[in-house]
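Right, one structure below, let's go through it.
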Amino acid sequence: MVSAPRRGRCIVVALFLLAGFVVVLFRLFNLQILQAAELTVKADRQHRKAVSVQGPRGSIFDRNGKVLAINVDVPSVFGVPASLDDPSGVARHLSPVLHVRAGEIERKLKQERSFVWIARKLDPEQGRRLERMPLEGIGVVMEGQRFYPKGPLLSHVLGFAGMDSQGLEGIERRYDPYLRGEKQMVVLQRDALGRTVFPKGLHEQTPSTGHNVILTIDEVIQYIAEKELEEAVTATRAKGGIVIVMEPRTGAILAMAVNPRFDPNAVQGISADRWRNRALTDTYEPGSTMKIFVAAAALEEKVMEPGTLVYGENGHMVVARTVIHDHERMGWMTFAQVVQRSSNIGSVKTATALGEERLYRWLRAFGFGERTEIDLPGEVAGLVKEPRDWGRRSLASIAIGQEIGVTPLQLVTAVAAIANGGWLMKPHTVSEIRDEKGRVVVRASPQVRRQPISPESVRTLSKILEGVVTHGTGSKAAVPGYRVAGKTGTAQKIDPKTGSYSSNLSVGSFVGYVPADDPRLAVVVVIDEPQTEAWGGVVAAPVFRRVAEQALQYLGVSSQEPVKLAMTSRSEMARP
Amino acid sequence: MKTLTVIAAMALLLLYVWERVEIVRIGYQVERLKVKKVALERERDELQVKLSALTSPERIARVATGKLGLVPPERGQVILVDLKPEAPAHRGRGPTMLDVKLARNEPMWKVP
């Protein structure tokens, strides 16, 4: 039996509990029914977080799969000034890690803004040190940074990408639509602690990575070309230079070196002049290398034969009231000798025999005055005037490579056509584009543009061009053990001050291919404003030899002639 | 009968709850592994950059000539030999790698 006071207490407790439940029920009713719609939206907003994620940019490889450009996530540090109690203390902590003066950081942290970048794109190691240093109001995010691990190697072809991973120059720009990673909005589910929860439905949302681009360039040949060019430019105290190595059969570019070089990892403060790919953006008057194409036209049009005799006027001829000189006094010579000894007068006479219209048509047939359509940005068409715009001296000038503007790329492409049995190929630098999983998206196949010259004329011309190296002006281009065909060129530059040909500014060049009977490489060497010596046969031909010799050896092209063994007597004795 | 139904219902309920808990637990595990994957990929890329920089021809040439005192081979020290399928094969020593390669270059019906 329960006593009356106890019973009273029970009722009081029961009433309290009931009142509590009523309050809870009321609140539940309020939250779950009355405010349901509004709160659901609010909760969703807190659980879910939509972030825009940029898929990483694809990599660039050379023809053997060596990495030339790659994206790596690197840390960037930001601050939230509003949630900082002690900006100067935080700045003092950060200063030694970021290598930035404490005062500088403090100034940033005291700004009246909700978000400030303190340092962007740091070293991965700095990021790890920052993570071990929990500071309120300081955060680290990862951003994609473009790395060019080989430094200045191939910089003019690769170009570079900007702060927000957009291609700005070179391959990076031309192939940006392929390289660029996809941008995607990703919705993340978070729990009360802000951790990401695996989303319902199990489908993953990850932005796709950009495609990988595989070049036709060979890193080693590129290095050989850049090294030899650098040495020549230094030795001749030249303003700069260009070397292009091409595979005549396919039009694939194996190396494209432009000097002076730049480092694509640090392009800030470098002028556009420095990173422009001058091998295809700048034209120059080619000088005597043009005689190859005058000769090609004359052979194909049957105006000349290798044995046709041409009178050299003893090195002095008047054309349109101006005098054309030869570098040596020559009398009667064969047409082959005109090319081999680089006679201006002989070449002018050949061009005269061809006539204006035919000469113009032939230069255009070899691709001068039009873009080669290489897959790199900024290419120019060069300058070949139409015959109706020619002056009285134009025919003679063009015959010796003046009054015409060509790019080094056009020159090597045209010479490669002669090396390739007359087939003019489209030059290209990309061989394949593959997606993230290695599946081929685009495969570049060799493209023929046209066949300007017959194989018979090519054979005759090739013999003449071999003579340039064996007993003509290009003797320094000879590669021991291999047959080389080519042509030297020395062009005066127009002095910007006087507007006429300068006596000391010149461009020395050599263009050729090797081995002459089964060409594997077509190479052009252009040395801009050499100070020690002007002649292409002296400044450019040796670069051709050194590049060709090393590249042939690297490619495993065996020599055609017996090579004298360079064994020491000791090692010979050691053999059984 | 009634008890059995209740037990079955309880068991089903527990199974359902266990399943939900397990999904959440694995979900967190997946997320942890994803974070780890990203970190490992990042490390791979960093190492890739390092490898690529270390194997750059410029550096190799610098180390070879500067540190190791190597010199480029002189003319005639490297001789490349063109191997034609009709080149005489080694006899009496059993098939070597060279022979196998050469035989493969021949059409099937020519191989003895």
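Top line first, the protein sequences correspond to chains H and S.
Letter 217 of the first sequence, counting from 1, is numbered 217 in my numbering, and no numbers are missing.
Letter 62 of the second sequence, counting from 1, is numbered 1062 in my numbering, and no numbers are missing.
Ideal Cβ placement from N, Cα and C applies to all residues, glycine included.
Residues near residue i in its chain [Cβ-Cβ closer than 7 Å; skip 5 each side]
| i | result |
| --- | --- |
| residue 220 of chain H | 554 |
| residue 289 of chain H | 401, 411, 487, 489, 509, 511 |
| residue 211 of chain H | 58, 178, 179, 433, 434, 435, 441 |
| residue 222 of chain H | 153, 154, 255, 257 |
| residue 325 of chain H | 315, 316, 344 |
| residue 421 of chain H | 455, 458 |
| residue 347 of chain H | 291, 294, 338, 399, 400 |
Same chain only: Cβ atoms within 6 Å of residue i, ignoring 5 sequence neighbours per side
| i | result |
| --- | --- |
| residue 176 of chain H | 167 |
| residue 311 of chain H | 332 |
| residue 353 of chain H | 303 |
| residue 250 of chain H | 446 |
| residue 474 of chain H | 468, 486, 488, 537, 541 |
Short CB-CB distance (under 7 Å) between residue i and chain S
| i | result |
| --- | --- |
| residue 480 of chain H | yes |
| residue 171 of chain H | no |
| residue 70 of chain H | yes |
| residue 202 of chain H | Unreliable positioning characterises residue 202 of chain H in this predicted model, as indicated by a pLDDT of 47, which lies under 50. The coordinate reading is nonetheless provided below. Chain S contact via Cβ: absent. |
| residue 233 of chain H | no |
| residue 44 of chain H | no |
| residue 556 of chain H | yes |
| residue 497 of chain H | no |
| residue 147 of chain H | yes |
| residue 213 of chain H | no |
| residue 73 of chain H | yes |
| residue 258 of chain H | no |
| residue 339 of chain H | no |
| residue 487 of chain H | no |
Option nearest residue i by Cα separation, candidates the options
| i | options | result |
| --- | --- | --- |
| residue 52 of chain H | H/266, H/207, H/246 | H/207 |
| residue 424 of chain H | H/467, H/446, H/323, H/235 | H/446 |
| residue 77 of chain H | H/108, H/521, H/117 | H/117 |
| residue 321 of chain H | H/189, H/21, H/228, H/392 | H/392 |
| residue 361 of chain H | H/438, H/453, H/190 | H/453 |
| residue 83 of chain H | H/280, H/465, H/41, H/112 | H/112 |
| residue 398 of chain H | H/349, H/427, H/438, H/417 | H/349 |
| residue 66 of chain H | H/279, H/372, H/214 | H/214 |
| residue 472 of chain H | H/363, H/347, H/389, H/336 | H/336 |
| residue 209 of chain H | H/282, H/546, H/54 | H/54 |
| residue 504 of chain H | H/35, H/395, H/532 | H/532 |
| residue 548 of chain H | H/228, H/444, H/438, H/272 | H/228 |
| residue 64 of chain H | S/1066, S/1052, S/1071, S/1065 | S/1052 |
Residue i vs residue j beta-carbon contact at 7 Å
| i | j | result |
| --- | --- | --- |
| residue 259 of chain H | residue 240 of chain H | yes |
| residue 1045 of chain S | residue 72 of chain H | yes |
| residue 524 of chain H | residue 387 of chain H | no |
| residue 306 of chain H | residue 519 of chain H | no |
| residue 369 of chain H | residue 384 of chain H | yes |
| residue 375 of chain H | residue 430 of chain H | yes |
| residue 48 of chain H | residue 187 of chain H | yes |
| residue 98 of chain H | residue 81 of chain H | no |
| residue 541 of chain H | residue 476 of chain H | yes |
| residue 578 of chain H | residue 491 of chain H | Limits of chain H in this structure are 1 at one end and 576 at the other, which puts residue 578 of chain H out of reach. |
| residue 496 of chain H | residue 238 of chain H | no |
| residue 340 of chain H | residue 467 of chain H | yes |
| residue 62 of chain H | residue 242 of chain H | no |
| residue 159 of chain H | residue 169 of chain H | yes |
| residue 461 of chain H | residue 298 of chain H | no |
| residue 1113 of chain S | residue 147 of chain H | Because chain S here runs from 1001 to 1112, residue 1113 of chain S falls outside it and cannot be looked at. |
| residue 245 of chain H | residue 521 of chain H | yes |
Bridge partners - residue i, DSSP secondary structure assignment
| i | result |
| --- | --- |
| residue 73 of chain H | H/144 |
| residue 54 of chain H | H/183 |
| residue 334 of chain H | H/309 |
| residue 491 of chain H | H/507 |
| residue 78 of chain H | H/117, H/139 |
| residue 443 of chain H | H/432 |
| residue 61 of chain H | H/67, H/214 |
Cutoff 7 Å: residue i Cβ touching any chain H Cβ
| i | result |
| --- | --- |
| residue 1019 of chain S | no |
| residue 1033 of chain S | no |
| residue 1044 of chain S | no |
| residue 1071 of chain S | no |
| residue 1075 of chain S | yes |
| residue 1064 of chain S | no |
| residue 1040 of chain S | no |
Own chain, CB closer than 8 Å to residue i, minus 5 neighbours either side, in chain order
| i | result |
| --- | --- |
| residue 50 of chain H | 185, 186, 187, 188 |
| residue 139 of chain H | 77, 78, 79, 80 |
| residue 470 of chain H | 478 |
Taking a Cβ distance cut-off of 9 Å, strictly less, list which residues of the region 106 to 138 of chain H are near chain C, in chain order. Structure shown: chain C not included; protein chains present are H and S.
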